[in-house]
DNA sequence: CGGTATCCCTAGAGATACTG
DNA sequence: CAGTATCTCTAGGGATACCG
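Chains as they are written, first to last, in full-length UniProt numbering: chain F, 1 to 123; chain E, 1 to 123.
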């Protein structure tokens with residue numbers, strides 16, 4: 001629950017950008033997955049979301065808040081600490097996300113093969 | 001299997017644009033759903049996909065072809081007739097699409113409520 | 001640490017007009 | 001009927017720099 005996020009949880013070599021299934025914008029779904037096992041801090045999230053800029057991460061987190069997927073909590077103290085956590089609604093999104101991941105895992109190869117084959121006979 | 005597509009199958013009043021789940025681009029998933037019950041002609045597809053321009057429909061269909069989701073068949077004859085049909089791969093996409101639809105139907109209200117509430121306290 | 005503010009740049013979407 | 005060809009416009013995404 002509190003072990004650090006795997007920096008490679010979204011392998012850049014196998015970019016999920018290529019799936020035809022998207023949740024919200026580019027990062028929306030990935031953030032939901034990052035929060036699956038408990039609340040995370042802003043900078044914790046930046047680890048697996050390689051290369052995301054602060055601005056884009058903020059914007060996406062705000063969108064998740066507006067949609068009622070995530071709650072933001074600022075913990076008082078000498079050092080600033082903000083945590084993001086899934087709401088029940090956000091948690092419910094994990095289901096269709098899992099369905100999408102299952103589909104991708106099963107049909108990934110087919111999709112890539114089709115795309116590769118299409119390079120030969122473009123329309 | 002061959003009855004015409006319902007012009008209101010994607011109710012513009014309840015726009016699926018608002019779901020956080022998207023398949024491919026804006027129209028990709030909707031086209032797959034239109035082809036669920038058998039092949040359809042170009043202009044048949046334009047009925048439920050209200051307001052889609054020929055250019056965008058063509059582009060999306062080409063993307064579906066490239067991804068191996070759809071096959072395009074030109075039937076010879078005096079009048080031109082082109083049909084688009086799902087491949088097994090395209091058909092397999094119906095599963096996660098159904099999961100997404102089920103989620104949306106169940107959590108739609110919550111999502112809208114959250115968005116409405118957010119109007120009051122914007123961050 | 002957890003953000004804003006600013007600027008840029010491209011891909012997506014669309015309107016419109018034309019064609020085999 | 002089933003598309004192309006052009007042009008336009010905007011939103012998404014990102015880089016960089018700065019702030020409480």
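The beta carbon of each residue, even a glycine, is placed where N, CA and C say it ideally should be.
Since the model is a prediction, treat every value here as computed from it, not as a measurement.
Residue 69 (chain F) is positioned such that its CB atom lies no closer than 8 angstroms to that of residue 38 (chain F). At a cut-off of 8 angstroms, the C-beta of residue 17 (chain E) has no neighbouring C-beta in chain F. Pairing residue 61 (chain F) with residue 49 (chain F) gives a Cβ-Cβ distance that is not under 8 angstroms. In the three-state scheme derived from DSSP, where H, G and I count as helix and E and B as strand, residue 89 (chain F) is classed as helix.
In the assembly as shown, residue 54 (chain E) is an exposed residue. Its beta-carbon has fewer than 16 other beta-carbons within 10 Å. Excluding the 5 residues flanking it on each side, residue 7 (chain F) has same chain C-beta neighbours closer than 8 angstroms at 47, 48, 50, in chain order.
Of the residues F:17, F:67, F:2, the one whose Cα lies closest to the Cα of residue 108 (chain F) is F:17.
Against chain F, the beta carbon of residue 23 (chain E) has neighbours under 8 angstroms at 20, 21, 22, listed in chain order. Residue 11 (chain F) sits exposed, since fewer than 16 C-beta atoms from the chains shown fall within 10 Å of its C-beta. Residues of the stretch 109 to 120 of chain E that bring their beta carbon within less than 8 angstroms of a beta carbon in chain F comprise 110, 111, 113, 114, 115, 117, 118, in sequence order. Bounds of the beta strand (DSSP E) holding residue 21 (chain E) are 21 to 23. Under the rule that a run must span 3 or more residues, the beta strand (DSSP E) segments found entirely inside the stretch 23 to 87 of chain E read 70 to 75, 81 to 86. For a Cβ distance threshold of 8 angstroms, residue set 20 of chain E lies close to residue 28 (chain F), ordered along the chain. Taking 8 angstroms as the cut-off, the beta carbon of residue 36 (chain E) is found closer than this to the beta carbon of residue 94 (chain E). The DSSP-derived three-state label of residue 115 (chain E) is helix. Cα atoms of residue 52 (chain F) and residue 98 (chain F): separation of roughly 23 angstroms, rounded to the nearest angstrom.
Annotation for residue 27 (chain F): 49, 52, 56, 57, 60 place their beta carbon closer than 8 angstroms to its own, counting only its chain and skipping 5 residues before and after.
Secondary structure at residue 5 (chain F): coil, using DSSP grouped into helix, strand and coil. A buried status is given to residue 24 (chain E), since no fewer than 16 other beta-carbon atoms sit within 10 Å of its beta-carbon.
Contact with chain E is found for residue 67 (chain F), since one of that chain's Cβ atoms lies less than 8 angstroms from the residue's Cβ.
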